[in-house]
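K.L.:
Attaching a single structure in structure tokens format; questions to follow.
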Amino acid sequence: MRALRYERPADPQAAVALVHDTAGAVFLAGGTNLVDHLKIGVADPDVLVDISHLPLDTVEETTEGGLVVGANVRNSDLAAHPLVRRRYPMLARALLSGASPQLRNAATTGGNLLQRTRCPYFRDTSIPCNKREPGSGCSALGGYTRYHAILGASDHCVATHPSDMAVAMLALDAEVLVLGPDGERAIAVEDFHRLPGDEPDRDTVLARDDLVIGVRIPPPRTALSTYRKVRDRASYAFALVSVAAETTIADGTVTDCRLAFGGVAHRPWRAHRAEAVLLGRPPGDDVFAEAADAELAEARPLDGNAYKIPLLRRTVVAVLRELHERAERGGTA
Amino acid sequence: MPAENASPREHERAVGLRVDGTDHRVTVDVRTTLLDALRDRLGVTSPKKGCDLGQCGACTVLLDGRRSLSCLALAVAHDGAEIVTARGLAESGPHPLQTRFVEDDAFQCGYCTPGQICSAVGMLDEFARGDPSYVTADLDEPGDLDDVEIRERMSGNLCRCVAYPNIVTAIRAVAAEDER
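One line per chain: the protein sequences are D and L, in this order.
Taking this note's numbering, the leading residue of the first sequence gets 935, the next gets one more, and so forth.
Taking this note's numbering, the leading residue of the second sequence gets 3, the next gets one more, and so forth.
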């Protein structure tokens, strides 16, 4: 790790201007991902622009009944927030499934969206990786691919996005609020994270001087939602696959649904094809499996991760069945 | 200005830290983690360096009242912070968790223990506040702190001697005492 300068700007505009004007400057928030990357050499900045003290730390209810979550709101605080628990149980569960309690106490909402892949080849600076060193090659191809993508990958990169929170945010149709040198803009979570294509070094559509200042979540459509994460151990592990789901069932048919997957692609994966199959159909295991299969039709497994296809299929069916059973009992949370 | 041309001072910062009730002022390189500042600069060796990458929990301290990993926190970002380590918990005699860890044989080598203790203190605070966990059935109303809950809530602390069953026993006992 080379020597670093440290700046603590007074407001978000000053932070953006600093990174804009300073070569080698990066934003620092909770530090749980960046400090790790500084130590292992994946990140090599000259200047840390600490935004963790900026007052982007509130959860505000909007007039329409949604939420605006400040970028510095800790993962633990967002998960425990009464409105999140009651109205967006999928989001609370996704947050609570991520990392460990100590990490959630430090990790921020903005940083969670921007965390980088846990692909072991990305984290090993002694070997090629197109995401870390564009053009150097992908060491995962032909290597150990148990944790890698089955959807949307390219010849350049087969890494997966590690976030749980972002999968729920995607299913909730949330927007990322961004401050850049030209002012503020909102980017749908679905448009925020990228597929790797031939530029796997770019995880998101942000420029280096764009600062995430918050996330806007629309009003809840239903509190009948959940997040299920399947992993190699019961806790404190990244997802092999995960499913965020919400459904509304009326008069014996699915009238509304949102489905998103984690652990299977370079970005959180919105399952539009599966949603289309479910809409207007009577809920049941056959229909749930048909929906999963529609989304998985384009899956391209690697040597080590073909297991993810049946695993995701079973998880989709199990989660939708759980929501259906809860709807029949008249439950919500 | 490129970092190579900067004077050494530009890579250092003075920070104030209150550690286990004592105020310190120390000038650190920007790269210094809270863990290294505590251990190497202030001589507070209660938090341990295990993986140093945020994976084991041995460095857990209470940072401004929350359990946190001191190996992933830069000291410069926590100027003015209040830190309590497992040592600080024992200032006026052993903390009930420390007593139960000894009585219940909740460790072998002891290296992870200061982190386990700090983590358990933070966890009991979170539970008392009503915070749910991933295994909590009703997010709105967490029920009892049973063994499944304790295991989930303590999953950020690894123990290579696998003293887990007795760690759970010790924490369960202290949680039951707290309720009375």
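Ideal Cβ positions, reconstructed from N, Cα and C, are used throughout, including at glycine.
Let's see if you can read the secondary structure: which residues bound the beta strand (DSSP E) around threonine 1182 (chain D)?
P.N.:
Note, threonine 1182 (chain D): beta strand (DSSP E), 1175 to 1184.
K.L.:
Could you work out which residues of chain D lie near threonine 62 (chain L), taking near to mean beta carbons separated by less than 7 Å?
P.N.:
Within 7 Å Cβ-Cβ: Gln1036.
K.L.:
Given that serine 183 (chain L) touches chain D, what residues does it touch there, using C-beta distances under 7 Å?
P.N.:
What the structure shows of chain L is the stretch from 3 to 182, and residue 183 (chain L) is not part of that stretch, so it cannot be assessed.
K.L.:
Between asparagine 1239 (chain D) and histidine 1090 (chain D), is the Cβ-Cβ spacing less than 7 Å?
P.N.:
In this structure, histidine 1090 (chain D) does not lie closer than 7 Å to asparagine 1239 (chain D) by Cβ.
K.L.:
Let's test the definition: count the other Cβ atoms within 10 Å of the Cβ of threonine 87 (chain L) and tell me whether it reaches 16, buried, or not, exposed.
P.N.:
Buried: at least 16 other Cβ atoms inside 10 Å.
K.L.:
In or out: leucine 1025 (chain D) buried (at least 16 other Cβ within 10 Å) or exposed?
P.N.:
Result: buried.
K.L.:
Can you give me the Cβ contacts of isoleucine 1084 (chain D) inside the same chain, cut-off strictly under 7 Å, excluding the 5 residues immediately before and after it?
P.N.:
Hits under 7 Å: Val1198, Ala1233, Arg1234, Pro1235, Asn1239, Lys1242 and Ile1243.
K.L.:
Can you list, in chain order, the residues of its chain with a C-beta nearer than 7 Å to that of threonine 1051 (chain D)? Leave out the 5 residues immediately preceding and following it.
P.N.:
Lys1065, Ala1093, Thr1094, His1095 and Pro1096.
K.L.:
List, in order along the chain, the chain L residues whose C-beta lies closer than 9 Å to that of tyrosine 1078 (chain D)?
P.N.:
Those do not exist, as tyrosine 1078 (chain D) stays about 18 Å from chain L at its closest Cβ, beyond 9 Å.
K.L.:
With 16 as the cutoff for other CB atoms within 10 Å, does alanine 1141 (chain D) come out buried or exposed?
P.N.:
Exposed, since its Cβ has fewer than 16 Cβ neighbours within 10 Å.
K.L.:
Just to make sure I have the definition right: I need the residues of chain D whose C-beta is within less than 8 Å of the C-beta of proline 134 (chain L). Which are they?
P.N.:
Chain D residues near proline 134 (chain L): Ala1013, Ala1014, Arg1019, Ala1026 and Leu1030.
K.L.:
May I ask you to verify whether the segment 1072 to 1081 of chain D touches the segment 990 to 1005 of chain D, counting CB pairs closer than 8 Å and requiring at least 3?
P.N.:
No: fewer than three Cβ pairs fall under 8 Å.
K.L.:
Below 8 Å between beta carbons is the criterion; list the residues of the segment 104 to 122 of chain L that meet it against any residue of chain D, in chain order.
P.N.:
Residues Ser121.
K.L.:
With 7 Å set as the bound, which would you pick, yes or no: does the beta-carbon of serine 986 (chain D) sit closer than that to a beta-carbon of chain L?
P.N.:
Yes - at least one Cβ of chain L is within 7 Å of the one on serine 986 (chain D).
K.L.:
What did DSSP end up calling glycine 23 (chain L) once you bin it into helix, strand or coil?
P.N.:
Reduced to three states, the DSSP call for glycine 23 (chain L) is coil.
K.L.:
Between aspartate 66 (chain L) and the ligand HEM, is the CB less than 6 Å from at least one heavy atom?
P.N.:
Among the components of this structure there are no ligands whatsoever, and the ligand HEM is therefore not found.
K.L.:
Below 8 Å on the Cβ atoms is my guess for alanine 1194 (chain D) versus proline 1202 (chain D); work out the distance and round it to an integer in Å.
P.N.:
Going by Cβ atoms, the distance from alanine 1194 (chain D) to proline 1202 (chain D) rounds to 6 Å, so yes, they are a contact pair.
K.L.:
Name, please, each residue of chain L whose Cβ falls closer than 8 Å to the Cβ of alanine 935 (chain D).
P.N.:
It should be pointed out that residue 935 (chain D) corresponds to methionine in this sequence rather than to alanine. Residues of chain L passing the Cβ test: Arg33.
K.L.:
Can you tell me the Cα-Cα spacing of alanine 1013 (chain D) and glutamate 941 (chain D), whole angstroms?
P.N.:
Each residue's alpha carbon lies about 30 Å from the other.
K.L.:
Below 8 Å between beta carbons is the criterion; list the residues of the segment 44 to 58 of chain L that meet it against any residue of chain D, in chain order.
P.N.:
Residues Asp54, Leu55 and Gly56.
K.L.:
Could you work out which residues of chain L lie near valine 953 (chain D), taking near to mean beta carbons separated by less than 9 Å?
P.N.:
Per Cβ cutoff of 9 Å: no residues; valine 953 (chain D) is ~14 Å from chain L at best.
K.L.:
If we count the other Cβ atoms within 10 Å of its Cβ and call it buried at 16 or more, is valine 1139 (chain D) buried or exposed?
P.N.:
Looking at its Cβ environment, which holds fewer than 16 other Cβ atoms inside 10 Å, valine 1139 (chain D) is exposed.
K.L.:
Using a Cβ distance threshold of 8 Å, determine whether the segment 960 to 967 of chain D contacts the segment 1031 to 1043 of chain D, with at least three qualifying pairs required.
P.N.:
Enough Cβ pairs lie closer than 8 Å, so yes.
K.L.:
Among all the DSSP beta bridges, which residues are the ones paired with threonine 1160 (chain D)?
P.N.:
In DSSP, threonine 1160 (chain D) forms a bridge with D:Ala1179.
K.L.:
Return the residues of the segment 64 to 90 of chain L that lie within a Cβ-Cβ distance of less than 7 Å from chain D, sorted by chain order.
P.N.:
Within the segment 64 to 90 of chain L, the qualifying residues are Arg68, Arg69, Ser70, Leu71, Leu74, Ala75, Leu76, Val78 and Ala79.
K.L.:
Starting from the Cα of valine 1018 (chain D), find the closest Cα among D:Pro1153, D:Gly1196, D:Ala1231 and D:Arg1136 and give me that residue.
P.N.:
With distances taken between Cα atoms, valine 1018 (chain D) lies closest to D:Pro1153.
K.L.:
Beta strand (DSSP E) containing glycine 124 (chain L): first to last residue?
P.N.:
Careful: glycine 124 (chain L) lies outside any beta strand (DSSP E), inside the alpha helix (DSSP H) at 115 to 131.
K.L.:
Quickly, what does DSSP pair isoleucine 1151 (chain D) with across the bridge? List them, please.
P.N.:
Answer is D:Leu1001, bridged to isoleucine 1151 (chain D).
K.L.:
What do you get for glutamine 947 (chain D), buried or exposed, if any count of 16 or more other CB atoms within 10 angstroms of its CB means buried?
P.N.:
Glutamine 947 (chain D) should be labelled exposed.
K.L.:
Residues bridged to valine 86 (chain L) by DSSP?
P.N.:
BP columns for valine 86 (chain L) point to L:Leu64.
K.L.:
Which residue comes first and which comes last in the beta strand (DSSP E) that contains alanine 930 (chain D)?
P.N.:
The structure shown has nothing for residue 930 (chain D), since chain D only spans 935 to 1267.
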